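Using the UniProt record's numbering, you'd call the opening residue of the sequence shown number 1 and step up by one each time. Glycine residues also receive a C-beta, built at the ideal position from the N, C-alpha and C atoms. The structure displayed is predicted, hence computed values, not measured ones. The structure under discussion appears below in the form of structure tokens.
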Amino acid sequence: MSDPDDPFLRRALDGLRTAVAVLDRAGVIVFVNRAWEAFARDHGAPGTGEPYGPADPGIQEVLEGRSPSFSRDYASRGPDRGRWFRLMASPMDGWEGCLLQQVDITDLKVAEERAKGREDLFQQAFDRNVDPSTLSTFPEGWIVEANRAWCALTGVTREQALGRTPAELGLWTNPQDRTAILEELGRTGTFPGRQVEMRLLTGEIIQMQMSASALVLEEGTRVLLTGRDVTREAALKRTLLATEERFRVITSSLKDYILILDPDGTIAYINRTPVGIPLEAALGMPFPSGMGTEAQVLGEAAFRACLETLAGVNYSAPGIRLDGSWGWFDIRLEPFLAQGELQFVVVLAFDRSDARQAEETELRARKAESLVLMAGSIAHDFNNLFAAIQASLDILAIQIGEKPELVATLATTQEVLHRAITLSWKMNDFSGRAVTHRVPTNLGEVVSAWAARQKPAPGRALTLDLGGVPTILADADRLRIVLDALLENAWEAMDEAGRGGTVALRLFRDLSGEAPPGDWAAPRPPVPETVCLEMANDGPCPAPEVLARMFDPFFTTRFVGRGLGLASVLGLLQVHGAGIQVVPGEGLAFRIHFPPLNP
């Protein structure tokens with residue numbers, strides 16, 4: 001059986017006239033249909049979330065598997081008059097609990113009581129019962145009474161039915177159904193209910209919900225068999241199940257998410273889940289779950305707004321894509337109402353990661369272009385000024401001779417000028433106007449020589465994995481500046497975390513021919529093969545908002561005055577026609593893709 005909270009099953013059960021409730025294994029009501037809700041209001045019965053089974057030993061036996069079914073009749077005072085009800089409990093396939101049905105048998109009870117001495121009144125009540133009913137001998141099954149509803153349904157007259165069995169009349173399509181009813185009557189004296197097929201006199205096959213009771217009368221034991229035509233209900237259920245299956249097949253192929261939320265905000269349905277997350281694990285979880293603080297706050301606020309206004313709500317938030325990577329989604333919540341009451345909320349989450357990244361890349365390119373022009377112009381003017389200052393300092397050094405009090409001041413001034421010149425060169429590198437002397441270069445030799453000069457602090461390690469790669473056209477001095485800036489960024493990240501760590505360099509050939517998904521500060525060269533240099537660290541991974549801006553000039557999470565290191569890296573790589581991708585994970589990796597000299 002489907003989950004009782006399935007919205008499609010809920011709608012089907014709400015269409016039934018019989019009061020239905022579902023108990024869990026502990027005997028607590030986890031679902032009721034609308035007929036039960038009305039019954040509970042009128043007769044003070046428990047509702048959803050309240051215990052029911054433990055108070056009734058017969059129901060408890062069904063829950064514990066010691067009895068296949070249970071039923072009892074009882075009287076209850078309603079708002080208008082007293083009525084009789086039959087409480088029936090039966091297990092459900094695939095559910096560790098049981099199904100309860102409250103059937104109004106007031107007319108039947110009245111008929112039974114009057115039959116004790118007033119057969120004519122019994123006959124009237126029996127005939128007026130809206131549900132088709134027969135009274136037959138036990139265990140032979142000879143029909144001794146058939147009411148008008150039964151005759152109208154089957155097309156068999158009362159005279160044709162009396163003294164014959166339903167099998168002789170050809171009404172049972174499956175004789176085993178009748179056998180099961182008789183066996184249950186012999187054990188318990190009642191049969192709580194079963195859906196069976198019945199063939200009418202016209203040959204039409206219908207679905208009947210049958211129940212039976214054994215009555216001990218003066219003339220012997222009689223079986224009161226009562227049925228209700230549920231053909232339309234059964235067809236509706238089959239249609240709903242088929243529709244649900246088609247819905248699942250169609251929606252499971254979409255790249256976007258479709259969710260159905262219960263009014264309490266838990267996930268009742270989801271078409272797909274990201275790689276590594278089982279579909280079953282998502283069902284029953286609150287919305288949104290496992291999406292980070294920002295998405296959690298936005299999602300909860302949107303859901304509350306949807307419940308308060310009973311209108312659609314739109315918002316955007318980060319989330320996990322189907323491939324397990326993080327992306328950006330446009331999300332819409334739409335309430336589903338029936339007779340003015342909220343039934344569930346449909347959530348549509350559209351993956352806008354690619355479009356958003358394209359927009360951000362375009363915006364970043366426009367900003368970078370403006371900054372590049374400004375940085376190049378400023379660096380050029382500064383270099384001219386610095387050259388004049390340096391010449392003046394050189395003349396001054398000759399003039400002051402060996403005056404100690406002036407030599408120290410001059411040295412400090414020259415050091416400050418050198419730092420200013422270095423910053424100017426970084427601005428020039430960032431602008432992409434740096435003067436480079438690119439020659440055929442073995443990148444593996446450059447990296448090995450550079451790594452040999454590094455002296456990691458205690459607790460830090462630098463590892464190399466340099467595979468054979470084609471020659472590239474590069475300026476080795478500029479590449480060492482790139483490596484210095486990336487390594488310094490990794491060490492500083494570890495310092496912030498207060499621990500050591502490892503930086504691993506890997507050199508390999510990328511034969512994919514295309515750029516893998518991710519954040520590209522500079523695009524991959526448009527060639528089938530690239531020479532890829534990866535520098536990865538196991539330090540803390542920056543937050544998404546930091547990753548998005550780490551190549552922006554003068555953007556830094558550290559002390560004021562930093563921030564041109566990675567920006568100048570970007571400029572130098574663009575001079576080399578190289579691309580760089582930021583790959584977040586347990587730590588952070590930079591992958592630089594160079595075009596080979598002879599692609």
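Closest to residue i by CA distance: which of the options is it?
{"i": "Asp256", "options": "Ala452, Phe329, Ala391", "result": "Phe329"}
{"i": "Thr530", "options": "Glu218, Asn442, Pro540, Phe508", "result": "Phe508"}
{"i": "Arg460", "options": "Asp538, Arg438, Glu145", "result": "Asp538"}
{"i": "Ile472", "options": "Pro440, Ala490, Arg499, Glu445", "result": "Pro440"}
{"i": "Asp229", "options": "Ser136, Leu393, Glu197", "result": "Glu197"}
{"i": "Ala567", "options": "Thr502, Glu534, Asn489", "result": "Asn489"}
{"i": "Gln207", "options": "Asp177, Arg148, Val313, Gly189", "result": "Asp177"}
{"i": "Thr18", "options": "Trp36, Phe8, Arg10, Asp93", "result": "Trp36"}
{"i": "Phe546", "options": "Thr409, Pro584, Cys532", "result": "In the sequence on display, residue 546 carries Val and not Phe. Val546 has its Cα closest to that of Pro584, out of Thr409, Pro584, Cys532."}
{"i": "Val582", "options": "Leu16, Val575, Leu570", "result": "Leu570"}
{"i": "Pro288", "options": "Glu280, Glu294, Gly299", "result": "Gly299"}
{"i": "Gly227", "options": "Val20, Leu597, Leu217, Met210", "result": "Met210"}
{"i": "Trp84", "options": "Arg66, Asp93, Leu108, Gly65", "result": "Leu108"}
{"i": "Gly189", "options": "Asn174, Gly203, Thr173, Val216", "result": "Val216"}
{"i": "Leu225", "options": "Gly513, Ala408, Gln195", "result": "Gln195"}
{"i": "Thr173", "options": "Gly186, Glu204, Gln160", "result": "Glu204"}
Locate the alpha helix (DSSP H) running through residue i, then write down its first and last residues.
{"i": "Ile181", "result": "175–188"}
{"i": "Gln160", "result": "158–161"}
{"i": "Ser90", "result": "Not the alpha helix (DSSP H): Ser90 falls in the beta strand (DSSP E), residues 82–92."}
{"i": "Met535", "result": "First-last for Met535: 530–537, but that is the beta strand (DSSP E), not the alpha helix (DSSP H)."}
{"i": "Glu140", "result": "Note, Glu140: premise wrong, no alpha helix (DSSP H); not H, not E."}
{"i": "residue 612", "result": "The question about residue 612 has no answer here: the residues shown for the chain are numbered 1 through 599."}
{"i": "Cys151", "result": "148–154"}
{"i": "Gly444", "result": "443–452"}
{"i": "Leu201", "result": "It is not in any alpha helix (DSSP H) - Leu201 carries neither H nor E in the DSSP assignment."}
{"i": "Ala35", "result": "34–43"}
{"i": "Val62", "result": "57–63"}
{"i": "Phe8", "result": "7–14"}
{"i": "Ala281", "result": "279–282"}
Looking at the unbroken beta strand (DSSP E) that takes in residue i, where does it start and where does it end?
{"i": "Val20", "result": "19–23"}
{"i": "Ser136", "result": "133–137"}
{"i": "Asp477", "result": "It is not in any beta strand (DSSP E) - Asp477 instead sits in the alpha helix (DSSP H) that spans 476–497."}
{"i": "Ser316", "result": "313–320"}
{"i": "Gln101", "result": "95–104"}
{"i": "Trp326", "result": "326–338"}
{"i": "Trp520", "result": "519–522"}
{"i": "Val582", "result": "579–584"}
{"i": "Ala461", "result": "460–466"}
Taking 6 Å as the limit between beta carbons, can you name the residues of its chain near residue i, skipping five residues before and five after?
{"i": "Ala452", "result": "none"}
{"i": "Glu96", "result": "Arg25"}
{"i": "Gln454", "result": "Leu462"}
{"i": "Ile181", "result": "Phe191, Ala212"}
{"i": "Glu89", "result": "The question names Glu, yet the displayed sequence has Ala at residue 89. Correct list, in chain order: Ile59, Val62, Phe70, Cys98, Leu100."}
{"i": "Glu184", "result": "Phe191"}
{"i": "Ile270", "result": "Leu259, Ala282"}
{"i": "Leu533", "result": "Leu507, Ile592"}
{"i": "Arg148", "result": "Asp127"}
{"i": "Arg438", "result": "Leu473, Ala474, Asp475"}
So, at 8 Å on beta carbons, what are the nonlocal neighbours of residue i in its own chain, with the 5 sequence-adjacent residues on each side left out?
{"i": "Val446", "result": "Ala474, Ala476, Leu479, Arg480"}
{"i": "Leu511", "result": "Pro528, Glu529"}
{"i": "Glu586", "result": "Asp538, Cys541"}
{"i": "Asp323", "result": "Pro274, Val275, Pro517"}
For residue i, which residues of its own chain have a beta-carbon under 7 Å away from its beta-carbon, when the five flanking residues on both sides are left out?
{"i": "Cys151", "result": "Thr157, Arg158"}
{"i": "Ser325", "result": "Pro517"}
{"i": "Val560", "result": "Below a pLDDT of 50, predicted positions are generally treated as unreliable, and Val560, at 39, falls in that range; the measurement from the model is reported next regardless. So the list is empty, once near-sequence residues are dropped."}
{"i": "Gly577", "result": "Pro525, Pro595"}
{"i": "Pro7", "result": "Ile260, Ala268, Gln343, Phe344"}
{"i": "Glu145", "result": "Phe126, Thr134, Leu135"}
{"i": "Arg86", "result": "Ser71, Asp73, Val103, Ile105"}
{"i": "Thr154", "result": "Leu171, Leu200, Leu201"}
Report yes if the C-beta of residue i is less than 7 Å from at least one heavy atom of the ligand NAP; otherwise report no.
{"i": "Pro584", "result": "By its list of ligands, the structure shown contains no ligand whatsoever, and the ligand NAP lies outside what it can speak to."}
Quick one: does residue i have its CB under 8 Å from some CB of chain B?
{"i": "Ala451", "result": "The structure shown contains no chain B; it holds only a single protein chain."}
Inter-stretch contact (C-beta, 8 Å, three-pair minimum) for the segment 301–318 and the segment 269–285: Short answer: they don't touch.
The segment 581–595 in contact with the segment 514–525 per 3-pair CB rule at 8 Å: Judged by Cβ distances under 8 Å, the segment 581–595 makes contact with the segment 514–525, as three or more pairs qualify.
Segment contact flag, the segment 500–515 with the segment 463–473, C-beta cutoff 8 Å, min 3 pairs: Judged by Cβ distances under 8 Å, the segment 500–515 makes contact with the segment 463–473, as three or more pairs qualify.
Cβ contact (3+ pairs, closer than 8 Å) linking the segment 70–82 and the segment 36–45: Taking a cut-off of 8 Å for Cβ pairs, the segment 70–82 and the segment 36–45 touch, as three or more such pairs fall below it.
Three or more C-beta pairs below 8 Å linking the segment 129–149 and the segment 163–174: The segment 129–149, when compared against the segment 163–174, does touch it at the 8 Å Cβ threshold.
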